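A.B. asks:
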Amino acid sequence: MKSSTNDQTIVEREIEIVLNSDDLMRFDKNMLLVQSGQKITLTLNHTGKMDKSIMGHNFVLLKKDVDVTSFAEKAVLAKNNEYIPEGDEVIVYTKLLGGGESDTITFDAPEKGYYTFLCTFPGHWGLMKGKLVVK
Numbered sequence: 001m002k003s004s005t006n007d008q009t010i011v012e013r014e015i016e017i018v019l020n021s022d023d024l025m026r027f028d029k030n031m032l033l034v035q036s037g038q039k040i041t042l043t044l045n046h047t048g049k050m051d052k053s054i055m056g057h058n059f060v061l062l063k064k065d066v067d068v069t070s071f072a073e074k075a076v077l078a079k080n081n082e083y084i085p086e087g088d089e090v091i092v093y094t095k096l097l098g099g100g101e102s103d104t105i106t107f108d109a110p111e112k113g114y115y116t117f118l119c120t121f122p123g124h125w126g127l128m129k130g131k132l133v134v135k
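For the sequence shown, the positions run 1 to 135 when this note's numbering is used.
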């Protein structure tokens, strides 16, 4: 992510992240490290085989200090919006994916801090969550 040249630190302006999910309700990474202001291209792959109506997965990045439990409870009720509740708690999200599907989103890394990401499909957030660490 960083390289040093002549005592100067150079931060890559863009970063590509691939996050995989599967039929066992898990992401293959639980921590993503980026720099503030960096352009992030994130691809979520559902490497499983099950349909999204049974084992759907998404990537939802929450704003700092959002109560994850409360948010997940609201998400369960948002079936008609692919389990993304109304409100201003979300920074960015992918579409809901079934087995074999992928979605790519591009966004700018927020300010320094720790941000929770999770899958909002009912019952998944307890296992399918992690942190975006912004330096």
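Ideal placement from N, C-alpha and C gives every residue a C-beta, glycine not left out. The structure presented is a predicted model; accordingly, all values stated were derived computationally and were not measured.
Keeping to the same chain, check which residues put their C-beta closer than 7 angstroms to that of GLN8; ignore five residues upstream and five downstream.
C.D. replies: Translated into positions along the sequence shown, residue 8 becomes position 8. Confidence at GLN8 is low in this model, with a pLDDT of 46, below 50, so the placement of that residue should be treated as unreliable; the coordinate-derived value is given next. No residues qualify anywhere along the chain.
A.B. asks: Does the pairing of the stretch 94 to 102 with the stretch 33 to 52 give three or more beta-carbon distances under 8 angstroms?
C.D. replies: Yes: the two stretches touch, three or more of their Cβ pairs being nearer than 8 angstroms.
A.B. asks: Rounded to a whole number of angstroms, what is the C-alpha to C-alpha distance between TYR93 and THR69?
C.D. replies: Taking the first residue of the sequence shown as 1, we reach residue 93 at position 93. Taking the first residue of the sequence shown as 1, we reach residue 69 at position 69. Roughly 17 angstroms between the two C-alpha positions.
A.B. asks: Could you tell me the alpha carbon to alpha carbon distance between VAL90 and LYS112, rounded to whole angstroms?
C.D. replies: For this step, residue 90 is matched to residue 90 along the sequence shown. For this step, residue 112 is matched to residue 112 along the sequence shown. Between VAL90 and LYS112, the C-alpha separation is close to 16 angstroms.
A.B. asks: Between VAL151 and ASN80, what straight-line distance do the alpha-carbon atoms span, to the nearest angstrom?
C.D. replies: The question about residue 151 has no answer here: the residues shown for the chain are numbered 1 through 135.
A.B. asks: Which word fits ASN58, buried or exposed, when buried means at least 16 other C-beta atoms lie within 10 angstroms of its C-beta?
C.D. replies: Taking the first residue of the sequence shown as position 1, residue 58 is located at position 58. Counting Cβ neighbours within 10 Å, ASN58 comes out buried, since at least 16 surround it.
A.B. asks: Could you confirm whether any beta carbon from chain D is found closer than 8 angstroms to the beta carbon of PRO122?
C.D. replies: Looking for chain D here will not work: only one protein chain is present.
A.B. asks: Looking only at its own chain, which residues have a Cβ that is under 7 angstroms from the Cβ of GLU16, when we skip the five neighbours before and after it?
C.D. replies: Locating residue 16 in the sequence shown gives position 16, where the first residue counts as 1. Cβ neighbours of GLU16 beyond the five flanking positions: THR41.
A.B. asks: Contact defined as beta carbons within less than 8 angstroms: I believe LEU97 pairs with LYS52. What is the distance between those atoms, to the nearest angstrom?
C.D. replies: Within the sequence shown, numbered from 1, the residue matching residue 97 stands at position 97. Within the sequence shown, numbered from 1, the residue matching residue 52 stands at position 52. About 6 angstroms; that satisfies the 8 angstroms criterion.
A.B. asks: Within its chain, find whatever has a CB closer than 8 angstroms to the CB of LEU19; leave out the 5 residues flanking it on each side and keep chain order.
C.D. replies: Translated into positions along the sequence shown, residue 19 becomes position 19. For LEU19, where only same-chain residues beyond five positions count, the Cβ hits under 8 angstroms are PHE27, ASP28, LYS29, LEU32, LEU42, THR43, LEU44, ASN45, PHE59.
A.B. asks: Is the distance from the Cβ of THR116 to the Cβ of VAL76 below 8 angstroms?
C.D. replies: Residue 116 sits at position 116 when you count from the first residue of the sequence shown. Residue 76 sits at position 76 when you count from the first residue of the sequence shown. Taking 8 angstroms as the Cβ cut-off, THR116 and VAL76 do not qualify as a contacting pair.
A.B. asks: With a floor of 3 residues, list each beta strand (DSSP E) that falls wholly inside the stretch 23 to 57, ordered by position along the chain.
C.D. replies: Runs of the beta strand (DSSP E) inside the stretch 23 to 57: 31 to 34, 39 to 46.
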